[in-house]
Amino acid sequence: MKKKYSNVRGTIDFSPQQNFIYESLRNESIKLFGCYNYQQLILPLLEEKSLFIKGVGQTTDIVQSQMMKIEGKDIVLRPEGTAQIVRYYLQNRLDKKNSFCKFFYIGPMFRGERPQKGRLRQFNHVGAEIIGSNSFYLDAEVILLALKIVDSVGLTKKELQINSLGCEDDKKKLAKYIKERLKKRKSRLCTNCQKRIEKNPLRVIDCKRPECRKIVKSLKLNKNHLCPDCLNHFNNLLSILDNLQIDYKYNPYLVRGLDYYTNTVFEITSSQLGSQDALGAGGRYNNLFNQLGGLDIPAVGFALGVERVILALDKIEVKPSPLVFVARAGSGLEEKAFSVLTNLRNSNIVSACDFRKKSLKAQLRYGQKIGSNFVIILGEEELKEKKVILKDMERSQQETVELGQLITILKEKIKKYA
RNA sequence: GUGGGUGUAGCUCAGGGGCAGAGCACUUGAUUGUGGUUCAAGUGGCCGGGGGUUCAAAUCCCCUCACCCACCCCA
C-alpha cells in the first residue's frame, strides 16, 4: 500500500497567495528597516539549549516544555530570536567595536506546542533589536516600526497595549507586592496560578481565567511600583506616543512570558485572530546581557508573527502584470510557440503556454482561467504570411499582425492596460 | 501537556447495517481554427488507518492516527 504523505504536525505550506503576502511583508519590512538604519542578520536555526535556559528563563513554558531538541545533543531549534542576537553581539565583542547596534532578522522559529489557530510549531518571525542604549526614544522607535510594518501590508485593524514592569528592582518589588496581597486569597486562584504565585508571581496578573482576573483586578495595579527613573522613562515614552498621535491602551496587567523583559513591554493584537491574538510583541530587556555575558548593556526589541499577520489579512489585492498566453491552432506548432515565447520573455513580457496536446478551444479555456489578458494564436494560414492573431481577451477583439511587429504592438497595448 | 469537535470525490458537504451521493471544480462535446454564459455527457472514492460484532459495516463497538477549536502559552 502506498503511503500518503502530508505536512508535519504544526507546520504549514505557504500557498502562492499566502506567499504573496509573505513576500510583501518581507519586502516592506526590509525597506522600512533600511530607512531606520537597521542591519540584517541571518543566524542559524540551531543554538545551544542553555542559551535559552539562561536567556528566556528557566521557569518559562518555552524552556520548560516547548523547545525542540536535536537528538542526543544539547542543541535546540531556536524558539525565538532575541537571545540569539545577544549571543551574536557578545561572541563578536561588538561592545568593544561599535557598541550601539540596530539589527533585524526574518526567519523561522520552532516551539513544540500543540498547534491551533495562529499557533504553529514552525513559524516565522520578523524581529528587530536595538542594543546599547536605554533611551526611551528607542522604545518609541521600536513600537513605531512594528506598527508601520503591520500597516505596510494593509492591516489597519489592530490594538497596541503597553505597560512598564520597571527595572529588576521594581520587578522584584511588584512581585513581592502581588505575592503578599494574594496570599490570603490564594485558594481562590486557579491551580496554575497557585504554583505561579511562588515561582513567578508576575505571571499571575496575566492569567486569563475569569476567577483569577477578578482577584487580580482588585489589586488596582498602576505605576506605583516604578522607581523615579523608570517612571520617568515610561512617562516620556507615553508622551512621545501621544505626540505622534498613536493609539495605545495602557494596561498595567500586561506581562510578557519571557523573563528577560524589563521596563517597557508592549503587544500588538488583532481581533481577527481568535484566541492567539498577538500579531507581535516586544519590549525592553536591560538585564539579558547581564544574564548571558555579565555585561551591563541595555536593549529593546520586538518580533512579529508572520503567519499571524497573514491570517489576520483576510484579503490582499493581487495586481499581477498583464499576461500573454500563446495558443496553437493545429498540431506541430510547438517549436514556433516556443520561439515566440522566447522572444516575448526576452522583451520582459509575462507570457505562458501550456504545451499540452489540447484543442484550441481547450487552450483558450485554460488561458482564460489563468487570467490571460492577451492571447496570441498561431495558425498555419497566418504563419505562411509571417503573421499571427493577437486577441484582446477582455474586449473580445482580435486582429492579425505581422510577426515582426508583434512585440512592439504588444508593448503598446500593455502600456495602455496599466 | 489537558479537554471538546471533525475525518466520505480535487473542494464544500449530505447519507447513517443491504448498488457510494449532491453542488462546485475538472475533462470532452454542441459545424472546419476561438475563452467567459448556457446545455449535454464523462472522469474521479480502500467512506483516515487497524481490529471486532454481523450473512452483510462508510454506517455499530474498541484502538489508533490526523486535522480543527479551546485551555495553557506565545509571535
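Heads up, the first sequence is in our numbering, so the first residue is -18 and it goes up one at a time. Quick reminder that beta carbons are idealized off the backbone N, C-alpha and C, glycines included. Since this is a predicted model, take the numbers as computed values, not measurements.
Between residue i and the rest of its own chain, which residues show a CB-CB distance below 6 Å, the 5 nearest in sequence each way excluded?
| i | result |
| --- | --- |
| Ser328 | Ile388 |
| Asn115 | Pro279 |
| Glu361 | Gly311 |
| Gln253 | Ala293 |
Hey, out of the options, whose CA is closest to residue i's CA?
| i | options | result |
| --- | --- | --- |
| Pro303 | Cys211, Asp373, Arg74 and Asn203 | Asp373 |
| Gly38 | Leu71, Gly238 and Lys54 | Gly238 |
| Leu285 | Gly99, Phe(-5) and Lys78 | Gly99 |
| Phe247 | Lys35, Lys198 and Val123 | Val123 |
| Arg92 | Pro191, Asp258, Ile43 and Pro233 | Ile43 |
| Ile390 | Val305, Leu364 and Ile221 | Val305 |
| Arg95 | Gln47, Leu260 and Val134 | Gln47 |
| Lys397 | Asn354, Glu366 and Ile159 | Asn354 |
| Val321 | Asn271, Leu384, Asn(-12) and Tyr347 | Leu384 |
| Thr41 | Lys176, Ala64, Asp240 and Val281 | Asp240 |
| Lys35 | Arg68, Leu24 and Glu52 | Arg68 |
| Gln272 | Leu170, Lys180, Lys198 and Leu32 | Leu32 |
| Leu325 | Lys392, Cys16 and Asn203 | Lys392 |
| Lys195 | Ile330, Pro209 and Arg169 | Arg169 |
| Lys198 | Val185, Asn205 and Tyr242 | Val185 |
| Tyr231 | Asn203, Gln253 and Tyr242 | Asn203 |
| Pro233 | Asp223, Asn213 and Leu200 | Leu200 |
| Leu24 | Arg177, Arg346, Cys171 and Ala64 | Ala64 |
| Leu276 | Ile51, Tyr70 and Leu371 | Tyr70 |
| Asp132 | Arg190, Arg7 and Tyr347 | Arg7 |
| Phe270 | Thr137, Asp258, Asn173 and Gly113 | Gly113 |
Mark residue i as exposed unless 16 or more other C-beta atoms lie within 10 angstroms of its C-beta, in which case mark it buried.
| i | result |
| --- | --- |
| Pro182 | buried |
| Ala262 | buried |
| Ile351 | exposed |
| Gln400 | Absent from the structure is residue 400, since the part of the chain shown begins at -18 and ends at 399. |
| Asn268 | buried |
| Tyr3 | buried |
| Lys139 | buried |
| Thr243 | buried |
Are the CB atoms of residue i and residue j nearer to each other than 7 Å?
| i | j | result |
| --- | --- | --- |
| Ser145 | Thr250 | no |
| Phe14 | Glu288 | no |
| Leu218 | Asp151 | no |
| Phe81 | Gln20 | no |
| Ala293 | Val307 | no |
| Leu26 | Arg59 | yes |
| Ile66 | Glu110 | yes |
| Ala310 | Ile357 | no |
| Cys211 | Gly147 | yes |
| Val134 | Ser5 | yes |
| Tyr86 | Gly108 | yes |
| Gln(-1) | Ile395 | no |
Indicate the three-state DSSP secondary structure (helix, strand or coil) for residue i in the structure shown.
| i | result |
| --- | --- |
| Asp223 | helix |
| Leu58 | strand |
| Asp373 | strand |
| Ala399 | coil |
| Leu27 | strand |
| Asn244 | strand |
| Tyr229 | coil |
| Glu122 | helix |
| Arg7 | helix |
| Gln45 | helix |
| Ser404 | In this structure the chain extends from -18 to 399, so residue 404 is not present and cannot be described. |
| Lys368 | strand |
| Val287 | helix |
| Gly313 | coil |
| Pro191 | helix |
| Leu75 | helix |
| Lys138 | coil |
| Tyr19 | coil |
| Cys211 | helix |
| Lys448 | Shown here, the chain extends from -18 to 399; a query on residue 448 therefore has no answer. |
| Arg102 | coil |
| Lys300 | coil |
| Met(-18) | Any answer about Met(-18) is weak, because its pLDDT of 43 lies below 50 and its placement is not dependable; what the coordinates show is given next. Correct three-state label for Met(-18): coil. |
| Cys82 | strand |
| Pro(-3) | helix |
| Val331 | coil |
Tell me which residues share the same chain as residue i and place their Cβ nearer than 8 Å to its Cβ, disregarding the 5 neighbours each side in the sequence.
| i | result |
| --- | --- |
| Leu235 | Gln142, Ile143, Asn144, Asp187, Val246, Phe247 and Glu248 |
| Arg(-10) | Pro96 and Arg102 |
| Leu207 | Ser145, Gly147, Asp151 and Phe215 |
| Ile159 | Ile178, Pro182, Leu183, Val185, Ile186 and Leu200 |
| Tyr118 | Ile221 |
Residues in the same chain with beta-carbon distance under 7 Å from residue i, minus the five sequence neighbours each way, listed in chain order, please.
| i | result |
| --- | --- |
| Asp228 | Leu141 |
| Leu75 | Cys82 |
| Lys129 | Leu13 |
| Asn213 | none |
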